[in-house]
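K.L.:
Would you mind keeping the following structure in view while I ask a few things?
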């Protein structure tokens with residue numbers, strides 16, 4: 001037993017070191033963890049405990065395993081720090097494909113680690129914020145002394161710091177723009193030292209299916225840079241979880257874990273072809289990651305350069321229906337050679353509302369014909385949803401839309417605008433609005449509010465009335481909001497109303513409630529004897545005006561609330 005134990009201690013390290021780090025040269029013969037692994041010593045040798053095996057005497061420059069050059073062969077797989085010239089003297093081993101490593105090494109130096117302190121709003125107590133917390137993610141340097149990362153990496157930021165690869169210094173960063181819909185943020189650093197000795201990442205073209213990609217970043221599990229490799233397995237319009245939008249995205253089979261967010265995805269030429277931003281976690285799938293492709297990235301950058309701020313991705317402002325059924329096409333007056341999609345609804349706040357009508361058939365968008373299933377030609381052998389064409393435009397940009405109406409072809413020049421939701425997907429770094437009277441806390445419904453109240457499964461847990469408005473309702477005016485009683489701060493004046501939670505306010509003293517500011521204005525200026533709030537589900541709340549306003553001050557003092565309304569309602 002003692003002999004066997006000694007033999008185990010003298011045995012070489014197992015072949016797989018860290019698979020996610022050395023996949024950069026997986027196509028070439030593997031570099032073993034021990035330079036002598038390919039020539040193991042005879043079984044009778046028991047004196048070695050990790051020391052190099054003695055070989056016949058020769059010049060120091062030719063010693064195969066004890067030289068720093070040979071030991072360096074292990075390090076280049078892990079972090080790419082060694083040069084090809086210092087490695088080609090290792091005898092007895094087939095030469096690795098160093099040209100691949102040499103291409104990626106300069107780009108890897110431009111990958112930075114992002115440290116962010118977040119302070120999220122508190123939707124349950126909107127007059128204060130939640131306790132701050134810290135996170136780390138990845139980013140990379142681009143031209144113009146700028147850094148790209150994910151929007152969710154710096155959401156509700158208080159402080160952002162960046163650290164370069166191999167550095168022990170964290171540099172304060174300034175957030176230039178946050179693109180919530182596309183999940184991209186643009187940063188910069190004022191300290192000139194940060195930009196010394198670093199070459200910016202260059203962008204490549206949109207990759208094809210089965211093209212190799214390498215994701216670089218700082219995922220969970222370590223402090224040093226990590227590399228994972230895979231191929232492009234799918235390209236289509238994806239749902240961006242953070243942005244609650246649908247844009248072009250790449251699906252890859254490389255692992256993307258927490259902390260990889262914001263890191264670049266390189267092709268085999270060292271060009272950036274995307275930004276890692278989300279992955280699919282499900283018991284039936286594994287190694288499915290998603291990357292923001294270069295068309296979306298360049299749209300974000302050009303939008304910022306052109307406007308000085310992020311203006312968003314435009315929307316056509318319609319809901320449409322496929323026209324694949326032949327009877328449906330015939331009833332709509334379509335000729336056999338005509339194709340398109342039928343308009344179901346048009347957002348009243350969109351510019352398209354002035355030109356288009358329900359049941360119009362959109363034949364083409366900006367000169368490109370639309371098929372009956374809503375797709376357009378993309379690349380050879382590929383089709384994509386025509387919303388891709390819309391997303392490539394900019395807000396306030398005009399496009400030509402050809403429609404079929406009553407068997408006549410009409411063409412309109414329409415100016416595109418950003419999508420306006422009745423229940424917004426984000427509050428864009430602003431604190432939530434609120435108004436308090438007699439212990440009733442009124443606020444505005446948003447997706448972050450629903451997520452805060454009902455968790456990430458809010459689409460199943462939230463009240464049906466609110467979900468119906470979230471999924472199907474359209475704003476009738478640009479300033480329309482869904483106002484709810486979020487909670488009732490218990491006091492003597494509101495006895496019997498304590499159980500009212502997240503119920504929409506429809507009217508006040510017989511007047512419709514358009515938004516929270518209009519409600520606060522009507523209540524503050526009310527001269528009637530009673531305040532009456534008409535709520536959803538045919539409920540009403542009645543309070544004596546003078547008593548309610550007097551009780552509000554005591555309630556604010558009891559709950560340490562600084563003001564009865566948020567700052568945006570005071571102006």
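Residue numbers (UniProt numbering): 1 to 571.
Cβ atoms here follow ideal geometry from the backbone N, Cα and C, with glycine treated the same way.
Note that the structure is predicted; figures quoted are calculated from it, not measured.
1) Counting only beta-carbon separations shorter than 8 Å, does residue 160 have a partner in chain D?
2) Taking all protein chains shown into account, do 16 or more other C-beta atoms lie within 10 angstroms of the C-beta of residue 396, making it buried, or fewer, making it exposed?
3) Whose C-beta lies closer than 8 Å to the C-beta of residue 112 among residues of the same chain, with five residues either side of it excluded?
4) Tell me whether the beta-carbon of residue 175 lies closer than 8 Å to the beta-carbon of residue 160.
5) According to the Cβ coordinates, are residue 254 and residue 274 closer than 8 Å?
6) In angstroms with no decimal places, state the Cα-to-Cα distance between residue 568 and residue 483.
7) Quick one: any contact between the region 113-132 and the region 277-293, if contact means 3 or more CB pairs under 8 Å?
8) May I ask you to verify whether the region 463-482 touches the region 416-432, counting CB pairs closer than 8 Å and requiring at least 3?
9) Identify the continuous alpha helix (DSSP H) that holds residue 521 and give its terminal residues.
10) Starting from residue 551, trace the alpha helix (DSSP H) both ways and give me its first and last residue.
11) Which full runs of the beta strand (DSSP E) of 3+ residues lie inside the region 266-310, going along the chain?
12) In three-state DSSP terms, what is residue 235?
13) Ordered along the chain, which non-local residues of its own chain (more than five positions away) have a Cβ less than 7 Å from that of residue 186?
14) Among the candidates 368, 377, 342, whose CA atom is the shortest distance from the CA of residue 360?
15) Which residues in the same chain as residue 572 place their Cβ atom closer than 6 Å to its Cβ, once the five residues preceding and following it in sequence are excluded?
16) Would a C-beta distance cut-off of 8 Å place residue 340 and residue 363 closer than the cut-off?
17) Cutting at 8 Å between CB atoms, please list the residues of its own chain near residue 129, excluding the five before and the five after it.
18) Quick check on residue 332: does DSSP put it in helix, strand or coil?
19) My parser needs the alpha helix (DSSP H) runs of 4 or more residues fully inside the region 434-521; what are they?
20) Any heavy atom of the ligand ATP within a distance shorter than 7 Å of the CB on residue 134?
21) According to DSSP, is residue 570 helix, strand or coil?
22) CB residue 324 to CB residue 372, shorter than 8 Å?
23) Round the Cβ separation of residue 171 and residue 116 to the nearest angstrom and send it over; I've been treating them as touching at under 8 Å.
24) In whole angstroms, what separates the C-alpha of residue 314 from that of residue 235?
25) Tell me, to the nearest whole angstrom, how far the beta carbon of residue 542 is from that of residue 530; I am working on the premise that it is less than 8 Å.
26) Hey, would you say residue 249 sits closer than 8 Å to residue 182, going by beta carbons?
27) Measure the C-alpha to C-alpha separation of residue 377 and residue 520 and round it to an integer number of angstroms.
28) Which residues mark the beginning and the end of the beta strand (DSSP E) in which residue 364 is found?
29) Going straight from the alpha carbon of residue 474 to that of residue 353, what length do you get?
30) Under a Cβ-count criterion, where at least 16 other Cβ atoms within 10 Å of its own Cβ denotes burial, should residue 75 be classed as buried or exposed?
31) Using a 10 Å radius around the Cβ and a threshold of 16 neighbouring Cβ atoms, would you call residue 365 buried or exposed?
32) Helix, strand or coil for residue 561, going by three-state DSSP, please let me know.
33) If we count Cβ pairs, one from each stretch, closer than 8 Å, do we get three or more for the region 291-306 versus the region 201-208?
34) Suppose the cutoff is 6 Å on Cβ atoms and the five residues either side in sequence are ignored; what does the same chain contact list for residue 470 look like?
35) How long is the line joining the alpha carbons of residue 502 and residue 446, rounded to whole angstroms?
36) By the three-class DSSP mapping on this structure, what secondary structure does residue 389 have?
P.N.:
In this structure, then:
1) In summary, chain D is missing from the structure at hand, where a single protein chain is found.
2) exposed
3) 138, 139, 140, 141, 147, 162, 163, 164, 165
4) Yes. Within cutoff.
5) no
6) 15 Å
7) The answer is no - the region 277-293 does not touch the region 113-132, with fewer than three Cβ pairs under 8 Å.
8) yes
9) Residues 516-524.
10) 545-558
11) 272-279, 289-293
12) strand
13) 146, 148, 176, 177, 304
14) 342
15) The chain is shown only over 1 to 571; residue 572 falls outside these bounds and no answer can be derived.
16) In contact: residue 340 and residue 363 (Cβ atoms closer than 8 Å).
17) 119, 120, 121, 122, 431
18) coil
19) 447-454, 458-461, 464-472
20) Ligands are entirely absent from the displayed structure, and the ligand ATP is therefore not among its contents.
21) helix
22) yes
23) The Cβ separation is near 13 Å, so there is no contact.
24) 21 Å
25) With 8 Å as the limit, residue 542 and residue 530 qualify as a contact, their Cβ atoms being about 5 Å apart.
26) no
27) 51 Å
28) Boundaries of the beta strand (DSSP E) harbouring residue 364: 361-365, taken from the DSSP string.
29) In this structure, the straight-line span from the alpha carbon of residue 474 to that of residue 353 is close to 12 Å.
30) At residue 75, the pLDDT of 35 sits below 50, so the modelled position is not reliable; the number obtained from the coordinates is stated separately. Looking at its Cβ environment, which holds fewer than 16 other Cβ atoms inside 10 Å, residue 75 is exposed.
31) Result: buried.
32) coil
33) yes
34) 423
35) Residue 502 and residue 446 have their C-alpha atoms some 12 Å from each other.
36) helix
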